[in-house]
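One structure below.
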Amino acid sequence: MSESKSEYLDLPIPELVAKVRNQEVTAEFLVNQSLELIKANQDYHAILDVNQSALDQAKAIDKAIADGETLGVLSGVPFIAKDNFLTKNTKTTAASKMLDNFQAPYQASAIDKLEAAGAIMVAKANLDEFAHGSSTENSAYGPTKNPHDSSKVPGGSSGGSAAAVALNITPFALGTDTGGSIRLPASFCGVVGYKPTYGLVSRYGVIAMASSTDVIGPITRSVSDSAYVLDVLAGQDVNDSTTIKRQDSYLINQDGNKKRDLKGIKFGIIKEHLEMIEDKDVLANIKAAIDKLKAAGADIKEVSLSNSEASLPVYYILAPAEISSNLARYDGVKYGFSSKQAKDLLDTYLLSRGSGFGSESIRRILTGTYVLSSGYQDAYYKQAQKVRSLIVKEYEDIFADVDFLIGPTAATTAFDLGAKPDPISMYKSDYMTIAANLAGIPAISIPSGNVGNLPVGLQLQGPQGQDKQLLDVAHVIGELI
Ligand code: GLN
Numbered sequence: 058m059s060e061s062k063s064e065y066l067d068l069p070i071p072e073l074v075a076k077v078r079n080q081e082v083t084a085e086f087l088v089n090q091s092l093e094l095i096k097a098n099q100d101y102h103a104i105l106d107v108n109q110s111a112l113d114q115a116k117a118i119d120k121a122i123a124d125g126e127t128l129g130v131l132s133g134v135p136f137i138a139k140d141n142f143l144t145k146n147t148k149t150t151a152a153s154k155m156l157d158n159f160q161a162p163y164q165a166s167a168i169d170k171l172e173a174a175g176a177i178m179v180a181k182a183n184l185d186e187f188a189h190g191s192s193t194e195n196s197a198y199g200p201t202k203n204p205h206d207s208s209k210v211p212g213g214s215s216g217g218s219a220a221a222v223a224l225n226i227t228p229f230a231l232g233t234d235t236g237g238s239i240r241l242p243a244s245f246c247g248v249v250g251y252k253p254t255y256g257l258v259s260r261y262g263v264i265a266m267a268s269s270t271d272v273i274g275p276i277t278r279s280v281s282d283s284a285y286v287l288d289v290l291a292g293q294d295v296n297d298s299t300t301i302k303r304q305d306s307y308l309i310n311q312d313g314n315k316k317r318d319l320k321g322i323k324f325g326i327i328k329e330h331l332e333m334i335e336d337k338d339v340l341a342n343i344k345a346a347i348d349k350l351k352a353a354g355a356d357i358k359e360v361s362l363s364n365s366e367a368s369l370p371v372y373y374i375l376a377p378a379e380i381s382s383n384l385a386r387y388d389g390v391k392y393g394f395s396s397k398q399a400k401d402l403l404d405t406y407l408l409s410r411g412s413g414f415g416s417e418s419i420r421r422i423l424t425g426t427y428v429l430s431s432g433y434q435d436a437y438y439k440q441a442q443k444v445r446s447l448i449v450k451e452y453e454d455i456f457a458d459v460d461f462l463i464g465p466t467a468a469t470t471a472f473d474l475g476a477k478p479d480p481i482s483m484y485k486s487d488y489m490t491i492a493a494n495l496a497g498i499p500a501i502s503i504p505s506g507n508v509g510n511l512p513v514g515l516q517l518q519g520p521q522g523q524d525k526q527l528l529d530v531a532h533v534i535g536e537l538i
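For the sequence shown, my numbering begins at 58 and goes up steadily by one.
Quick look at the structure:
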């Protein structure tokens with residue numbers, strides 16, 4: 058792994074902010090460091106576009122601080138956003154030829170909130186096209202490589218964001234998680250990936266994939282940094298009617314830095330997830346982590362998510378259905394790629410969509426259109442919705458019995474680039490992350506050491522709306538394992 062050592066960028070975010078506020082370091086210096094690290098790590102291909110206004114934004118923050126203004130809780134902190142967030146000062150491509158060179162007319166609420174708190178977006182990160190994938194190999198601009206081993210994938214679809222944080226380019230990055238796209242790359246890159254409760258962070262201005270499971274979340278080096286960033290992002294937004302009320306605060310250890318132990322906290326291990334792990338070393342890693350929890354007083358028992366098996370097919374019916382609808386707007390007429398070969402309107406639709414979308418996005422549009430078609434929607438779409446309700450109900454029953462679920466984020470460590478050309482084998486990478494999206498519950502992947510030189514991720518899931526509780530317990534576990 059390349060060593061991106063930086064005197065300041067590797068500090069916990071609140072400490073970094075304190076240094077900017079007391080003028081020990083300038084925002085300009087930090088942004089310059091991030092920009093240099095982007096250049097030095099170009100070979101990993103984590104970044105698609107750089108914000109040319111970042112230095113000006115940093116200088117404005119430094120000036121305000123010098124003028125004695127009180128600035129926000131992320132003052133001077135550089136960050137990177139996945140390239141499916143609409144942003145003012147860079148292109149927004151979703152890693153698709155369909156949006157090559159696209160300049161968004163407005164900016165995502167999440168970016169606005171971070172900027173209002175003083176953070177500076179330095180770049181946009183690579184992803185699977187329209188977030189369709191688990192390895193970042195579906196990007197129209199070529200794959201991102203894993204910082205721990207450049208012959209491996211970083212996971213996806215927020216692979217560029219996770220790789221950038223693992224490379225220490227910025228202290229945090231934004232990702233989106235529709236079926237695991239924050240947690241899987243976090244697990245493969247050895248960083249923390251947090252998927253909030255559905256609706257906790259506004260999706261306004263994020264390119265829609267599957268609207269009923271899309272969420273936005275931070276990728277960081279520590280749980281407490283994720284909580285710190287969430288505290289800025291969370292809350293209702295008039296521009297996104299699915300947003301929900303936030304909890305008072307997400308910050309960790311406000312009550313005098315006391316570490317909680319795990320006595321009396323009930324954890325369930327999903328039996329079906331453990332059974333899926335074929336790699337003995339990954340299994341041993343997860344079991345060792347669980348043993349440490351037991352030693353810290355946690356009350357752990359096996360539980361069954363009997364609908365686990367169904368999660369994958371249910372998701373790969375419902376997500377394509379929503380994708381086919383959300384991607385209908387790319388018609389070669391309104392905006393985005395338009396084929397020059399087209400002779401009439403129908404030609405414009407067919408040629409623009411036929412060559413603007415990559416093969417995985419086309420596969421999803423076709424599958425989604427099929428499962429929604431009049432002859433088949435009862436057999437597929439409606440049936441999948443019924444099974445989704447069973448999954449939601451089963452989680453509710455489990456959380457009546459245990460406080461949190463614990464287990465692996467993925468059955469393997471990062472796999473070789475090009476290892477999964479068959480879509481079904483790629484889809485199976487999401488086996489352990491997808492059910493949380495279908496149920497809308499919060500989930501987090503934290504690093505659990507390495508197998509060989511590759512990181513393993515431990516996943517924690519909690520009941521809907523209990524993000525604060527989940528982050529608190531993940532923080533304690535992160536310090537323990
Ligand atoms: N890997 C899953 C998919 O390809 C999830 C993607 C995501 O969360 N954006 O659909």
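By construction, the Cβ of each residue, glycine as well, lies at the ideal position given by its N, Cα and C atoms.
Since the structure is predicted, the reported quantities are computational estimates derived from the model, not experimental observations.
Reduced DSSP secondary structure (H/G/I, E/B, other) of residue i
i	result
GLY313	Any reading at GLY313 is ruled out, since the residue's pLDDT is 46, under 50, leaving its predicted position unreliable.
GLU126	coil
SER505	strand
ASN383	helix
ASN79	coil
ASN203	strand
GLU194	coil
LYS358	strand
GLU60	Unreliable positioning characterises GLU60 in this predicted model, as indicated by a pLDDT of 47, which lies under 50. The coordinate reading is nonetheless provided below. DSSP places GLU60 in coil when its eight states are reduced to three.
TYR406	helix
ASP487	helix
GLN160	coil
GLY325	strand
LEU308	coil
VAL248	coil
ILE104	strand
ALA182	strand
LEU511	strand
Selected residue, minimal CA-CA separation from residue i, among the options
i	options	result
ALA75	ASN494, ASN89, SER132, GLN90	SER132
SER306	GLY522, PHE142, PHE86	GLY522
LEU384	GLU366, SER361, GLY411, THR490	GLY411
ALA355	LYS323, GLN516, ALA471	LYS323
GLY262	ASP294, THR254, LYS351	ASP294
ASN296	SER279, VAL289, ARG260	ARG260
ALA221	GLY247, SER196, TYR198	GLY247
ILE301	ILE309, ALA291, TYR392	ALA291
GLY232	LEU224, ILE226, LEU241, ASN225	LEU241
LYS320	SER91, ILE534, TYR438, ASP185	ILE534
LEU340	ASP234, THR470, SER196	THR470
GLU85	LEU112, LEU429, ILE273	LEU112
ASN507	ILE343, ASP318, ALA219	ILE343
LEU350	ASP140, LYS116, GLN80, GLY464	GLY464
ILE177	ASP119, PHE187, ALA188	ASP119
SER208	PHE245, SER215, ASN225	PHE245
PRO205	GLY216, GLY274, TYR198	The amino acid at residue 205 is misidentified as Pro; the sequence shows His. Ranking GLY216, GLY274, TYR198 by Cα distance to HIS205 puts GLY216 first.
SER218	ILE276, ALA346, GLU379, ASP271	ILE276
ALA138	LYS96, LEU375, ALA441, ILE239	ILE239
Residue i CB to nearest heavy atom of the ligand SAH below 7 Å
i	result
MET489	The ligand SAH is not among the ligands present in this structure, which contains only the ligand GLN.
Same chain only: Cβ atoms within 6 Å of residue i, ignoring 5 sequence neighbours per side
i	result
VAL130	ALA174
SER365	GLU329
GLY236	TYR372, ASP487, ILE491, ASN494
PRO512	GLY247, PRO504
ILE309	SER281, ALA284, HIS532
ARG303	ALA291, GLY292
SER409	GLY389, PHE394, SER395, SER396
Residues of its chain near residue i, where Cβ-Cβ distance is below 8 Å and the 5 sequence neighbours each way are ignored
i	result
TYR484	SER191, LEU369, TYR373
GLU556	Not covered by the structure: residue 556. The range shown for the chain is 58 to 538.
7 Å Cβ shell around residue i - same chain, five flanking residues per side excluded
i	result
GLY519	PHE461, ILE498, PRO499, GLN526, LEU527
ALA531	VAL280, ILE501, ILE503, LEU517
ASN314	For ASN314, the predicted model reports a pLDDT of 45, less than 50, meaning its position is unreliable; a value from the coordinates is still stated below. Cβ neighbours of ASN314 beyond the five flanking positions: none.
THR150	LEU105, ASP140, LEU156, ASP157, PHE159
LEU73	TYR65, VAL134, PRO228
Counterpart residues of residue i in DSSP-defined beta bridges
i	result
PHE142	VAL263
THR470	According to DSSP, THR470 bridges with nothing at all.
ASP401	ASP401 is not bridged to any residue.
GLY464	GLN516
PRO17	Outside the displayed range of the chain (58 to 538) lies residue 17, so it cannot be described from this structure.
LYS209	ASP473
ILE273	THR233
ASP294	ASP297
VAL258	ALA291
ALA500	LYS252, GLN518
Test: residue i CB closer than 8 Å to a CB of chain D
i	result
LEU156	Looking for chain D here will not work: only one protein chain is present.
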